[in-house]
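J.: Residue numbers (the UniProt record's numbering), protein chains in the order written: chain A, 1 to 169; chain B, 1 to 90.
Sharing a structure here in structure tokens format.
Below, the structure is given as structure tokens:
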């Protein structure tokens with residue numbers, strides 16, 4: 001048996017189900033361009049918000065592969081959030097994340113406002129998002145929330161999917 | 001929050017785009033910036049909107065005008081809004 005460490009992340013006071021998703025404005029990137037958008041502008045029905053580590057990190061790749069495999073963006077708008085730049089998001093979306101748009105939050109202020117920040121060991125000055133999923137209804141109320149508590153960690157995709165099923169019914 | 005009347009397709013640090021921005025600001029016009037790819041061949045969205053892949057390009061929702069080439073755009077904006085006060089900025 002190989003020995004390895006799954007790192008426990010510190011407790012965080014994150015956005016939870018029942019609360020309203022904090023408002024923010026950031027560049028929103030699709031396959032063709034980016035422009036400043038506010039969460040309140042884009043939410044007009046069930047919406048999935050997926051925070052993830054930097055573009056290029058394996059956790060990010062796996063999360064998008066799963067979103068694609070499950071075809072979530074065919075069912076509801078799916079928005080990613082990471083600290084990566086719009087240029088990196090364009091590259092990400094050229095490879096995966098069909099129909100997904102991604103917010104760019106290099107300062108991690110939005111990430112911090114959702115309580116999902118992670119200071120990476122060995123990368124001085126870099127604060128990024130832990131994997132986290134928030135399912136919002138049309139009033140921006142959080143109906144399902146999951147925030148990674150280990151490093152690495154992945155959403156419980158089946159649980160997310162059944163929350164989507166419930167909300168879309 | 002309503003959408004600004006003018007959408008500006010631009011490229012980061014493109015002097016011709018900045019010239020249009022200066023004119024928009026001087027005339028007090030509200031605009032939304034859409035940043036596109038440096039690679040000319042990747043700018044299909046601009047081509048769909050304006051017929052060409054060049055930036056800057058603007059879409060003016062109020063007048064239905066779509067236009068590229070900074071000199072043309074500046075001339076259009078000044079001709080349309082120069083004497084109209086802070087149009088669209090209310």
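All residues carry an ideal CB built from backbone N, CA and C; glycine is no exception.
Quick check: residue 81/A and residue 103/A, are their CB atoms within less than 8 Å of each other?
T.: Yes, they are a contact pair.
J.: Less than 8 Å separating the beta-carbons of residue 47/A and residue 141/A?
T.: No. Outside cutoff.
J.: Out of curiosity, what's the CA-to-CA distance linking residue 63/A and residue 154/A?
T.: So the alpha carbons of these two residues sit roughly 7 Å apart.
J.: Just verifying my parser: in three-state terms, what is the DSSP assignment at residue 60/A?
T.: Looking at residue 60/A - three-state DSSP - the assignment turns out to be helix.
J.: Grouping DSSP H, G and I as helix and E and B as strand, with all else coil, what is residue 40/A?
T.: Reduced to three states, the DSSP call for residue 40/A is helix.
J.: What does the alpha-carbon distance come out to for the pair residue 53/B and residue 21/B?
T.: Taking the straight line joining both Cα atoms gives about 19 Å.
J.: By the 10 Å Cβ neighbour count, where 16 or more other Cβ atoms means buried, how is residue 5/A classified, buried or exposed?
T.: Looking at its Cβ environment, which holds fewer than 16 other Cβ atoms inside 10 Å, residue 5/A is exposed.
J.: What residues from chain B crowd round residue 101/A, counting only those whose CB sits closer than 7 Å?
T.: Residues of chain B passing the Cβ test: none, with the nearest at roughly 13 Å.
J.: Can you tell me whether residue 20/B is helix, strand or coil according to DSSP?
T.: Helix, per DSSP.
J.: Under 8 Å, Cβ to Cβ, is there at least one residue of chain A near residue 89/B?
T.: Reliability of the predicted coordinates at residue 89/B is poor, the pLDDT of 46 falling under 50, and the value obtained from them is presented with this limitation in mind. Judged by the 8 Å Cβ criterion, residue 89/B is not in contact with chain A.
J.: Provide the residue(s) that pair with residue 146/A in DSSP beta bridges, ordered along the chain.
T.: DSSP, once it has assigned bridges, lists 133/A as partnering residue 146/A.
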